[in-house]
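Start counting at 1 in the sequence shown, then tack on 30, and there's your number in the numbering used here.
Every residue gets a Cβ at the ideal spot worked out from N, C-alpha and C, and that includes glycine.
The model shown is predicted, which means the values in this text are computed figures rather than measured ones.
The structure appears right after this line, and notes come after that.
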Amino acid sequence: KSRFVSMASHEFRTPLSAILSSTSLIEHYMTPGQEEKRGKHLDRIRSSVGNLTSILDDFLSLEKLEQGKVEIFPTQCQVKDVINKVIDMMDVAIRKKSIVVAFYLTGSQWMSTDTKILESILINLLSNAIKYSAEKGRIEILAQTFNDTTFISVRDYGIGIPYEAQQQLFDKFYRAPNAMNIQGTGLGLNIVKRYVELLDGSITFSSIENEGSIFSLEIPTVLKSGSRNEPKSRN
């Protein structure tokens with residue numbers, strides 16, 4: 031619990047300070063002709079609220095996983111629909127950095143899996159790819175289905191992950207040294223790994239610092255129903 035409280039208080043401080051600062055400044059830009067300045071600070075508030083929401087989502091997701099409260103409900107879906115939905119959900123962040131997202135699909139399009147869990151996994155991976163990419167960067171998403179397995183990869187050409195940090199990347203609260211100045215909880219990839227395991231899948235990655243990263247998922251095309259994660263003790 032103490033680690034949660036410490037992390038939350040640290041991560042909440044930056045977006046809350048930005049919101050407070052922008053609301054104060056908006057009060058000074060209420061006269062005609064200052065719409066652009068007001069709009070700039072409203073965008074800053076929206077972005078900060080989005081950051082807070084993301085942090086809360088991480089904490090709540092981890093809490094449910096820790097308590098064994100995540101149940102899996104497979105439904106039939108098309109891979110392209112799930113991925114296109116995730117890309118649409120991240121559209122503001124993509125456009126803000128003028129990033130090109132290329133999506134390639136081969137093989138069958140149908141899966142039977144928990145689409146909400148799959149969406150959460152892909153949102154986290156795409157969000158990281160955007161976060162660690164430069165302005166006007168490129169992200170590639172590839173989905174392929176062969177026999178009983180669906181393969182999905184998310185590749186960016188951003189800051190990459192230092193070799194010495196790669197062994198700990200999925201550890202709870204871990205942040206790579208070159209990501210310390212970029213906002214994050216250090217929970218996202220830990221949650222992703224545990225979600226992937228709930229789908230009876232696996233996740234791997236390869237990365238070169240300053241060249242980018244590729245995260246690869248292998249997920250059963252048809253998931254057995256009725257699974258549920260087990261509670262884990264806290265450190």
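query: Where Y59 sits in the DSSP three-state scheme; result: coil
query: Through-space distance from Y134 to T143, alpha-carbon basis; result: 20 angstroms
query: Coil, strand or helix - Q198 by DSSP; result: helix
query: C-alpha distance - I102 paired with S236, whole-angstrom precision; result: 28 angstroms
query: Whole-angstrom distance between E57 and A159, CA atom to CA atom; result: 36 angstroms
query: Beta-carbon gap between N208 and E241 smaller than 9 angstroms; result: no
query: Residue(s) in a DSSP beta bridge with Q139; result: DSSP output for Q139 lists no bridge partner at all.
query: Nearest to L172 (by Cα), restricted to the options T105, L155, R74; result: L155
query: Boundaries of the alpha helix (DSSP H) in which E248 is found, first to last residue; result: Where E248 is concerned, there is no enclosing alpha helix (DSSP H), although the beta strand (DSSP E) it sits in stretches over 242 to 250.
query: Inter-stretch contact (C-beta, 8 angstroms, three-pair minimum) for the segment 68 to 84 and the segment 104 to 114; result: no
query: Buried/exposed call for F176, threshold 16 Cβ in 10 Å; result: exposed
query: Assigned secondary structure, V130 (DSSP; H/G/I helix, E/B strand, else coil); result: strand
query: Neighbour-count burial assignment, G98, 16 or more Cβ in a 10 Å radius; result: exposed
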